[in-house]
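Position 130 (the sequence shown) corresponds to 1273 in the working numbering; numbering is contiguous.
Here a beta-carbon is modelled for each residue, glycine too, at the ideal position from N, C-alpha and C.
Everything numeric in this text was worked out from a predicted model, so none of it was measured.
What follows is a short report on a single structure.
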Amino acid sequence: WSGNLVTSATWNDFWLNEGFTSYFENRIMEEVYGESYARMLAQLSYQDAMRDVKQLGANSPDTHLKLNLAGRDPDDTASGIVYDKGALFLVLLEKTFGREKWDPFLRGYFDKFAFQTMTSEGFVKYLRENLIKGDKELEEKLKIDQWVYGPGLPDNAPVPQSDEFAKVEAQIANWTGGTPAAKLDTNGWTTHHWLHFLRNLPKELSTAQLQDLDNAFKFTQSGNSEIACLWLEHAVNNNYTPAYDRLDDYLSQIGRRKLVLPLYTALAKTPEGLERARKIYATARAGYHPVTYATIDQILKK
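Structure representation (structure tokens):
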């Protein structure tokens, strides 16, 4: 990973590890699987960034790239911001300068600082010296300080677009318009298509609608943890009881915070759900990572 070559100097600068690695991962996916595939991943990453900003708060200092963790356990503030917002900032730089300038800059950066540590301030300084070069118009256009030292996503954040996801959205429109789920054109869909499908379903769904989807696509039985998480969140929010046994098993077997936090949060919205969550958690907690149960403890204290 890129962070093993040029490493963040402190936990406050962790985006220099993970934002860069996420950016390079997408470039690798583009090279191996093509631009269309990479665009799907980029759009999912953008959705993740938007979700994290919403959860943490648009003005939260924990949505800065340069964090301030004085007196705090870095694990307690872990989120996707350093990954997704960090990568998005680098995409903005790539699109602004073009790969013909951006790629040599990256090569020069990693060559110059190989096997050394780097701070956010150091990277920004290097960026300004080697790409901005005193151009005030570029400086204003990029809003570097807003990206690195400010909250949320600046208004110049690039919004990835995917032709493949446009096809998914067309099928959602067909389904909400009355086409049975079994008649939808899902041939050739990857996990990424299904994630986008589930993320973009209406929030309010009837039992009949959920049963239609479940009969066609077997979401309740899905062995993919990310697909199952999204589906079970719909089930909880709409009281789809046929999925509740799977919900109990899922929360007892999966311990990654990203994949259980949405479900406990959804359950905690109602007295009945909170009771169910506490019952599951009483036995599941022992198998969770400390970072996970520290967060869930707070949710279930209500």
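query                                                                                                                    : result
beta-carbon Gly1162 near the ligand GDP non-hydrogen atom, thresh 8 Å                                                    : Judged by which ligands are present, the structure shown has none, so any question about the ligand GDP falls away.
Residue environment, Phe1266, which counts as buried when at least 16 other CB atoms sit within 10 Å                     : buried
Trp1144, buried or exposed, once every other Cβ within 10 Å from all chains shown has been counted against 16            : exposed
Reduced DSSP secondary structure (H/G/I, E/B, other) of Thr1153                                                          : coil
Residues of its chain near Thr1438, where Cβ-Cβ distance is below 7 Å and the 5 sequence neighbours each way are ignored : Arg1400 and Leu1404
For Thr1206, the three-state DSSP class (helix, strand or coil)                                                          : helix
Cβ neighbours of Ile1224 in the same chain (closer than 6 Å, five flanking residues each side left out)                  : Asp1195 and Thr1206
Per-residue burial, Ser1263 [other beta carbons within 10 Å of its own, 16 or more giving buried]                        : buried
Among Thr1153, Lys1286, Asn1380 and Leu1341, nearest to Thr1350 - alpha-carbon criterion                                 : Asn1380
Where Gln1396 sits in the DSSP three-state scheme                                                                        : helix
Nearest neighbour of Leu1270, chosen from Ile1287, Phe1258 and Ser1395 [CA to CA]                                        : Ile1287
Status (buried if at least 16 other CB within 10 Å, exposed otherwise) for Val1234                                       : buried
Segment contact, 8 Å Cβ cut-off, at least three pairs: the stretch 1351–1364 with the stretch 1320–1332                  : yes
Thr1260 - containing beta strand (DSSP E), residue span                                                                  : Gln1259 to Met1261
Span of the alpha helix (DSSP H) around Gln1354                                                                          : Thr1350 to Phe1360
Three-state secondary structure (DSSP) of Pro1278                                                                        : It is worth fixing the name first, because residue 1278 is Asp in this sequence and not Pro. Note: Asp1278 maps to coil in three-state DSSP.
Cβ neighbours of Gly1293 in the same chain (closer than 7 Å, five flanking residues each side left out)                  : His1207
For Leu1375 and Ala1386, believed in contact at Cβ under 8 Å, the rounded distance                                       : 6 Å
Test item: CB-CB of Ser1188 and Asp1227 under 9 Å                                                                        : yes
Spatial distance of Ala1378 from Thr1384 (CA atoms)                                                                      : 7 Å
Rounded Cβ spacing between Leu1159 and Phe1253 (contact assumed at less than 8 Å)                                        : With a Cβ gap of about 11 Å, Leu1159 and Phe1253 do not count as contacting.
Cα-Cα separation between Phe1232 and Glu1415, rounded to whole angstroms                                                 : 42 Å
CA nearest to the CA of Leu1443, picked from Tyr1407, Lys1197, Gly1162 and Val1434                                       : Tyr1407
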